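For reference, the structure is listed below as structure tokens.
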Amino acid sequence: MQSGPRVQAEELNGAIAREPRNTALLARRASLLLAAGQPQAALRDVAAALEIDDSDGSLYFLQARVLRALGQLPTALAAARQAAQRGFSGPELPLLVGETQLASRNYTAALDNLDRTLRLDPDQPAALFYKGLAYAAIADTSTAVQYLQDALARDPRQPEILHQLAFLLNAWRMPTDAARFAALGMRLDTTSGLLKYDYGRQLELQGRPDSALWYYRQALVLDSTVYRADYRLGLAAARERKPAALIQHFQRALRRNPRLPQARALLAEALESQNRLPEALVQFRRLVAENPGNQHWTYKVWKTADRVQAQLPDSLRTSPRYYRRPAAPTRLLPISPLPPLRPEAR
């Protein structure tokens, strides 16, 4: 027998058809659609419910949740304010606002709302988790780890908490501790590419690069968006002088994070070495934009642009930027005077 939020939402269709102005049914279906990963459909139900009753704070809170799922952060915060103004006051409201402010990188506001959540519910693991992320974002790693450990104590089987702990401990150069959290996370979630990356990173930090590379590859098999695994594999390809592999990994990694250290420079030079000059020129130009005044990259742009032009057929070449001085016209030498005629002998 089928179940799950999508099926349960479909089962409400008949009841809503009979009672189209029942806001409780509309809100229930919207919640199920949101849980089923259909936020656009959920938003339509919430909008219909608010047209019937715009005084219900819980409907605005539901609208804020849906908008947050759609990534519409300012409108989600506006809906949350409407919920508060209409009397919705549970701890889940400041939790939602705090997480949304965290996603907006407004860390002070995020911490204020998460503190408010913890005053209402001191053992809320999600609030502790988000506080850990906020402190990590402002580079207070020790406080971040403490809050994440507190969150883990209250929810010990949450793989996302274990990933964040392992990631921060690796960044803090504590691979032995990171290994413990990453290993536990992998046992709880065998499909997590992020945890595979975390485990590989601690192996690399402990001097086992070959084993680390295996875990980085597994991370990408599970989740192609784990750009840090591509980055580490690209660095390894650079050390092993494998430009084709370097290009593949760095191109993917830079699409997700364009500021990875050394990646763009290594990619540009690898493309140049493979005679992929138009692509190399694009990367050299970006390096000039990122490093204005750098003579090396400026020279590379000039030199590579000339080589790209030289590869084009004559009909596609742009006008030359430099012109040779035309040769001076040939000057005629003066005619030598004829020798005087001698009188003929008689």
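For the sequence shown, the positions run 1141 to 1486 when our numbering is used.
By construction, the Cβ of each residue, glycine as well, lies at the ideal position given by its N, Cα and C atoms.
Owing to the predicted nature of the structure, the values given are computational and were not obtained by experimental measurement.
Relative to Q1423, the option among G1433, W1437, Q1414 and R1297 whose CA is nearest is W1437. In this structure, L1302 lies away from V1285, with their beta-carbon atoms at least 8 Å apart. Taking a 10 Å sphere around the C-beta of K1443, we find fewer than 16 other C-beta atoms and assign the residue as exposed. The alpha carbon of E1380 has as its nearest neighbour, out of D1363, N1397, D1350 and A1405, the alpha carbon of D1350. Note on geometry: alpha-carbon atoms of Q1225 and L1199 lie some 12 Å from one another. The three-state reading of DSSP puts G1272 in helix, counting H, G and I together. Excluding residues up to 5 positions away in sequence, L1268, F1269, K1271, G1272 and Y1275 lie with their Cβ nearer than 8 Å to the Cβ of Y1287 in the same chain.
R1221 and S1229 have their C-alpha atoms spaced approximately 11 Å apart. DSSP, read as helix, strand or coil, puts S1198 in helix.
Using a Cβ distance threshold of 8 Å, T1257 and L1235 count as a contacting pair.
With respect to the 8 Å criterion, A1322 and Q1342 are classified as neighbours on the basis of their beta carbons. Separation of the CB atoms of A1155 and A1176 is rounded to 17 Å, and the pair is thereby denied contact status at 8 Å. Around the beta carbon of L1328, fewer than 16 other beta carbons lie within 10 angstroms, which makes this residue exposed. For F1307, the closest alpha carbon among the candidates V1366, R1259 and A1266 is that of V1366.
Taking all protein chains shown into account, P1160 has fewer than 16 neighbouring C-beta atoms within 10 Å of its C-beta and is therefore exposed. Counting only residues of its own chain and dropping the five nearest sequence neighbours on each side, V1361 has a CB closer than 8 Å to the CB of G1333. In this structure, the CA atom of S1195 is about 13 Å from the CA atom of Q1203. For A1188, the CB contacts under 6 Å within the same chain, skipping 5 residues up- and downstream, are L1166 in chain order. An exposed status is given to G1227, since fewer than 16 other beta-carbon atoms sit within 10 Å of its beta-carbon.
Exclusion of the five residues before and after Q1414 leaves P1383, A1384 and I1387 as the residues of its chain whose Cβ lies within less than 8 Å of its Cβ. Taking every protein chain shown into account, the CB of Q1451 has fewer than 16 other CB atoms within 10 angstroms, so this residue is exposed. In terms of CA proximity to A1311, Q1346 leads the group Q1346, D1290, P1299 and A1291. When rounded, the separation of the alpha-carbon atoms in R1425 and V1441 is 6 Å. In this structure, T1240 places its C-beta atom within 8 Å of the C-beta atom of L1213. A direct Cα-Cα distance of roughly 13 Å separates V1147 from R1168.
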